[in-house]
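Input: a single structure, listed below in structure tokens.
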Amino acid sequence: MEKIFTERAHLMCPHMTFGIAMSTEASFDGARVKKSFDILADKHPFLRAVIGHDAEGNSYFYDVTDTSKIELLLPDEPLTGVDDPALIDEYHELTDRDIDVTKEGLLKAVVWRSEGGTVFLLVFHHLLADGRGALNLALELADLYAEDKIPGEVAEKLISSADDLPKGSEMPFFSRLLVKKANKDLAAEGSAPLKYEQYHEYADDFVANDKVSISTRKTEAEEVASMAKACREHGVTINDLLMAKMYLEDDTDKIIIAKDIREKLPFYREGALGNYATAFSVVVKNHNKDIWALASEVHRKVQKALADPRALYLVLQCYANLKPEVLDAAFMAAKGAFASKSAEFIGKMFFGFDAPKGYSITNLGRIENTNLSGAFFIPPASPAIRKTVGVLTVNGEMRTCVCERK
């Protein structure tokens with residue numbers, strides 16, 4: 141039984157859903173679709189789980205059952221392809237309420253017949269996977285559906301304590317002081333812990349009224365190759381360039397980016413679901429109008445953060461060292477919907493839940509897969525974020541997906 145530890149930050153926070161949309165040239169076969177998802181659920185325990193609660197210790201855990209908890213829809217109406225606007229409409233339909241993770245599974249899937257084959261939309265709760273884990277599962281599904289390539293069984297092993305994080309990643313003194321104060325203040329408040337049912341009732345209404353627009357853009361392979369060539373010549377990555385453009389276009393000084401840390405965790409098992417990612421902010425205040433000079437500055441800042449464990453793991457260390465009850469109440473307290481000064485402070489000052497002001501980008505990288513004819517990543521629209529961008533490049537073709545609150 142895997143307990144929810146650092147993932148607890150995703151438990152009582154709305155909009156913790158994201159998507160992978162993909163198309164394959166393999167023809168549509170409803171029975172084959174259902175069989176493919178059943179095989180995936182058999183191989184991945186978290187696809188058979190809901191979230192359980194141990195009242196005695198106030199801990200949450202992945203309650204793995206014997207049956208698949210995937211919600212699968214097979215609409216009669218076909219799509220033209222992965223870029224059909226109806227796909228985004230369906231994503232809105234599936235995410236316009238807060239998922240009750242104590243009763244519902246953590247993956248919802250919609251599969252359509254299309255003119256060129258089959259289109260899949262996978263909607264993940266963040267408690268199931270991070271972006272990289274979701275992409276790995278999508279690739280397993282594409283290979284399984286198109287060519288009967290059955291994935292291996294994967295046992296789950298997640299971060300279970302602060303001791304699992306790399307040495308040298310301990311919080312800086314000031315952050316540690318604030319976390320200790322919040323924990324101490326919570327104990328002094330003596331208020332009852334926020335129950336999941338209380339959160340879910342509030343979050344369901346919040347999500348229904350918190351509208352997020354979603355738009356996508358496709359960049360053809362030739363243009364991507366040209367962009368990559370120019371980036372190499374300037375000693376930066378495509379992601380550095382995308383961030384530089386975001387600083388200028390959105391007139392922001394700070395962008396939050398995600399980083400996959402699987403290779404840094406010795407207990408990670410290849411193909412496992414769960415969360416093996418961290419996030420950190422990149423601050424660039426002097427925006428050079430020369431895009432390449434700005435991209436070079438971004439590159440320097442990103443590489444500096446990646447080389448500093450205290451910067452790279454700061455958010456995970458905060459999750460690990462805050463009392464669970466503070467994490468649980470951070471969002472609602474920041475919104476004035478739960479009485480806790482300590483949780484309110486953390487929700488506002490650490491996570492920015494009081495108002496959506498942040499900007500972020502998550503790039504899942506570049507993959508090659510002959511069973512995919514197109515794909516894109518819909519990033520989670522955290523309540524702290526005003527605009528977030530998801531990037532995925534498949535077989536040389538890049539698609540960006542923007543989730544934005546106006």
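Mapping of the sequence shown onto the numbering used here: residues 141 to 546, in sequence order. Every residue gets a Cβ at the ideal spot worked out from N, C-alpha and C, and that includes glycine.
C-beta atoms of residue i and residue j nearer than 9 Å
i: K307; j: P449; result: yes
i: V442; j: D400; result: no
i: R237; j: V352; result: no
i: S522; j: I395; result: no
i: L279; j: L456; result: no
i: L454; j: F420; result: yes
i: L262; j: E147; result: no
i: L413; j: L281; result: no
i: N539; j: L532; result: Checking the displayed sequence, the identity of residue 539 turns out to be Arg instead of Asn. Yes; because the gap between Cβ atoms is below 9 Å, this pair is in contact.
i: A274; j: F158; result: yes
i: A181; j: A302; result: no
i: N503; j: I354; result: no
i: S167; j: T220; result: no
Three-way DSSP call (helix, strand, coil) for residue i in this model
i: S482; result: helix
i: C543; result: strand
i: K497; result: coil
i: M141; result: coil
i: S199; result: strand
i: K394; result: strand
i: V466; result: helix
i: T146; result: helix
i: M367; result: helix
i: K527; result: strand
i: L413; result: coil
i: H427; result: coil
i: V376; result: coil
i: L268; result: coil
i: L388; result: helix
The beta strand (DSSP E) enclosing residue i, as first and last residue numbers
i: K174; result: Where K174 is concerned, there is no enclosing beta strand (DSSP E), although the alpha helix (DSSP H) it sits in stretches over 170 to 183.
i: H357; result: The residue you asked about is not His; residue 357 is Arg in the sequence shown. 353 to 359 is the span of the beta strand (DSSP E), which, as asked, contains R357.
i: T205; result: Note, T205: premise wrong, no beta strand (DSSP E); not H, not E.
i: I518; result: 514 to 518
i: G257; result: 257 to 265
i: V190; result: 189 to 194
The alpha helix (DSSP H) enclosing residue i, as first and last residue numbers
i: E437; result: 431 to 446
i: S163; result: Careful: S163 lies outside any alpha helix (DSSP H), inside the beta strand (DSSP E) at 157 to 164.
i: S315; result: 313 to 329
i: N461; result: 454 to 461
i: R272; result: 271 to 287
i: E337; result: 336 to 349
Residue i to residue j span [Cα, whole Å]
i: V204; j: H184; result: 10 Å
i: T242; j: K209; result: 11 Å
i: L213; j: L227; result: 13 Å
i: G192; j: L434; result: 47 Å
i: R563; j: E244; result: As shown, the chain starts at 141 and ends at 546. That puts residue 563 outside it, with no answer to give.
i: A149; j: D468; result: 7 Å
i: G487; j: F478; result: 11 Å
i: Y387; j: E373; result: 21 Å
i: E287; j: V173; result: 12 Å
i: L405; j: N415; result: 11 Å
i: K546; j: P520; result: 16 Å
i: E363; j: V222; result: 20 Å
i: F485; j: M472; result: 11 Å
i: P333; j: E165; result: 50 Å
i: A195; j: E233; result: 33 Å
i: E341; j: M152; result: 11 Å
According to DSSP, residues forming a beta bridge with residue i
i: L537; result: One point to set straight first is that residue 537 is Glu, not Leu, in the sequence displayed. Paired residue(s): V534.
i: L213; result: V250
i: A226; result: DSSP output for A226 lists no bridge partner at all.
i: V422; result: I395
i: D400; result: A417
i: N503; result: V531
i: L219; result: S254
Chain D contact for residue i (CB, 9 Å cutoff)
i: L334; result: Here chain D cannot be found, since the structure has a single protein chain.
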